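Participant: What follows is a structure written as structure tokens; I'll ask about it next.
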Amino acid sequence: MYTTDLTGKKQAETVAEDPKKLAAFEARVANDEFIEPKDWMPEAYRKTLIRQISQHAHSEIVGMLPEGNWITRAPNLRRKAILIAKVQDEGGHGLYLYSAAETLGISRDEMTEALHAGKAKYSTIFNYPTLTWADIGAIGWLVDGAAIMNQVPLQRTSYGPYARAMVRICKEESFHQRQGYEIMMAMMAGTPDQQRMAQDAMNRWWWPALMMFGPPDDRSPNTEQSLRWRIKRETNDELRQKFVDITTPQAEAIGLKVPDPALKWNAKRGSYDFGEVDWEEFYAVVRGEGPVAKERMQARVNAWEDGAWVRDAARAHAEKRASAKVAAE
Ligand code: BYC
Numbered sequence: 000m001y002t003t004d005l006t007g008k009k010q011a012e013t014v015a016e017d018p019k020k021l022a023a024f025e026a027r028v029a030n031d032e033f034i035e036p037k038d039w040m041p042e043a044y045r046k047t048l049i050r051q052i053s054q055h056a057h058s059e060i061v062g063m064l065p066e067g068n069w070i071t072r073a074p075n076l077r078r079k080a081i082l083i084a085k086v087q088d089e090g091g092h093g094l095y096l097y098s099a100a101e102t103l104g105i106s107r108d109e110m111t112e113a114l115h116a117g118k119a120k121y122s123t124i125f126n127y128p129t130l131t132w133a134d135i136g137a138i139g140w141l142v143d144g145a146a147i148m149n150q151v152p153l154q155r156t157s158y159g160p161y162a163r164a165m166v167r168i169c170k171e172e173s174f175h176q177r178q179g180y181e182i183m184m185a186m187m188a189g190t191p192d193q194q195r196m197a198q199d200a201m202n203r204w205w206w207p208a209l210m211m212f213g214p215p216d217d218r219s220p221n222t223e224q225s226l227r228w229r230i231k232r233e234t235n236d237e238l239r240q241k242f243v244d245i246t247t248p249q250a251e252a253i254g255l256k257v258p259d260p261a262l263k264w265n266a267k268r269g270s271y272d273f274g275e276v277d278w279e280e281f282y283a284v285v286r287g288e289g290p291v292a293k294e295r296m297q298a299r300v301n302a303w304e305d306g307a308w309v310r311d312a313a314r315a316h317a318e319k320r321a322s323a324k325v326a327a328e
């Protein structure tokens, strides 16, 4: 797979492309046309998309785990029904995204193998534990909030199947973000213990949410090329800043404190200044050293192995139907 090592060095083989085809492709992208599966595309574009879309799909699937952990413990039936629907939505997002990646010539099995072998990444955010019910509020509000900030521009990404998948995903994420904020609002209007739980969840999820946008622009090896090919429409730092600007007043409106002593409104910039993310922690989590990274991957591998009989049965059924059809002809 096309990856970057942690020093920021690109690990892709370079393919010499036909200059005429490349120029025509770049002109189409610059003209904001969608590139479709059967269109000619440079090999590096195809590989970058496989990398990003498959990692995005894995994030959705691994992202079901921290919240799934609270389905049996949701505080009432209404919260349980909402949480089940949300987790199911994430599964659906994973499936649209795997399908979009498959149009680029990689199989679902290859993507799953890359995840289980630790070769494909998934978002750092899902390597943190969900300790209390307030974490479910914080995830919906902050994690889905950060995801939307990153995904709204991806509705205009240059690859058609990815852009179309993002349209539907963004609609659902927007509901997820509101349900998370509503949990936080209810807790902040509750008892002092509930308020403490909400603030504690905010303190633990704020910085990991800022890490979701990726490394700072000057340490992001993929951004420049991805912007040129309009795979990415905004940089990691631009999106992170927008998230801070939108989320800070939401926190203040319900009495939550953003856990950043450096956070300050900058009237000249019309934006908040904020403190430095702990990038060493980010890189450690990317390397697989997150607090619950091993449990997350074990849960995925177990689910894959436990589901083998379903895949075998479906395959056997399809073969039986196909041979019955041939015999009838
Ligand atoms: N975690 O050059 P950069 C959700 C990697 S799920 C892990 O800036 P790029 C939800 C990066 O992959 C939302 N790795 O890369 C689900 C690259 O390594 P490789 C998930 C990260 O691609 C359930 C290296 O660092 N959203 O919403 O230009 C419940 C250098 O980075 C991270 C998406 O996946 C990270 N945080 O930009 C609730 C969005 N950040 O691949 C919610 C789609 C960076 O070269 N993806 N890395 O080995 C993107 O928009 C871009 O891929 C990123 C990174 C902005 C994440």
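Under numbering that gives the first Met the number 0, the sequence shown has 241 at position 242, and the numbering climbs by one with no breaks. For each residue, glycine too, the CB sits at the ideal point set by N, CA and C. Bear in mind the structure is a predicted one, so any value in this text is a computation, not a measurement.
#1: TRP132 and PRO191: beta carbons closer than 8 Å?
#2: Please return the same chain residues whose Cβ sits closer than 6 Å to the Cβ of ASP259, not counting the five positions on each side in sequence.
#3: In this structure, does DSSP put ASP277 in helix, strand or coil?
#4: For GLU247, which residues of its own chain have a beta-carbon under 7 Å away from its beta-carbon, when the five flanking residues on both sides are left out?
#5: How long is the line joining the alpha carbons of ARG239 and ASP143, rounded to whole angstroms?
#6: Give the straight-line distance between the Cα atoms of VAL28 and ASP217, rounded to the nearest whole angstrom.
#7: Where DSSP assigns a beta bridge to ASN265, which residues make up the other side?
#8: Thinking C-alpha only, which one of GLU294, ALA185 and VAL243 is nearest GLY269?
#9: Below 8 Å on the Cβ atoms is my guess for MET184 versus ILE83; work out the distance and round it to an integer in Å.
#10: Could you tell me which whole beta strand (DSSP E) segments of length 3 or greater appear in the stretch 118–178?
#11: Give a yes or no on contact between the stretch 121–138 and the stretch 203–212, applying the rule of three or more CB pairs nearer than 8 Å.
#12: Do ASP236 and PRO220 have their C-beta atoms closer together than 8 Å?
#13: Between which two residues does the alpha helix (DSSP H) containing GLU66 stretch?
#14: Sort PRO152, TYR161 and VAL86 by Cα distance to ARG329 and report the nearest one.
#15: If you drop the 5 nearest sequence neighbours on each side, which residues of the same chain put their C-beta closer than 7 Å to that of GLY189?
#16: Just confirm the distance between the C-beta atoms of ARG299 and LEU114, as a whole number of angstroms; I'd bet it's less than 8 Å.
#17: Given this structure, state the Cα-to-Cα distance separating GLU59 from GLY287, to the nearest angstrom.
#18: Among the candidates ALA292, ARG232, GLY104 and GLU42, whose CA atom is the shortest distance from the CA of ALA15?
#19: Any idea if ALA145 is buried or exposed, counting beta-carbon neighbours within 10 angstroms, 16 or more meaning buried?
#20: Answer with buried or exposed for TRP204, where buried requires no fewer than 16 other C-beta atoms within 10 angstroms of its C-beta.
#21: Among GLU172, ASN149, ARG50 and MET187, which one has its Cα closest to the Cα of GLN249?
Facilitator: Once the coordinates are examined:
#1: no
#2: PHE273 and GLY274
#3: Looking at ASP277 - three-state DSSP - the assignment turns out to be coil, as it is neither helix nor strand.
#4: The residue asked about is misnamed: residue 247 is Thr in this sequence, not Glu. If we look at THR247 and ignore the five residues flanking it on each side, its Cβ neighbours are VAL257, LEU262 and TYR271.
#5: 13 Å
#6: 24 Å
#7: BP columns for ASN265 point to SER270.
#8: It is VAL243 whose Cα lies nearest to the Cα of GLY269.
#9: Not quite, the Cβ-Cβ distance comes to about 21 Å (not below 8 Å), so this is no contact.
#10: Unbroken beta strand (DSSP E) runs of no fewer than 3 residues, entirely contained in the stretch 118–178, are not found.
#11: Inter-segment contact for the stretch 121–138 and the stretch 203–212 is present: three or more beta-carbon pairs are separated by less than 8 Å.
#12: no
#13: Its alpha helix (DSSP H) spans residues 63–67.
#14: The question about residue 329 has no answer, for the chain in this structure spans 0 to 328.
#15: Contacts found: none.
#16: At roughly 7 Å, the Cβ-Cβ gap stays under 8 Å, so ARG299 and LEU114 are in contact.
#17: Roughly 17 Å between the two C-alpha positions.
#18: GLU42
#19: buried
#20: Result: buried.
#21: MET187
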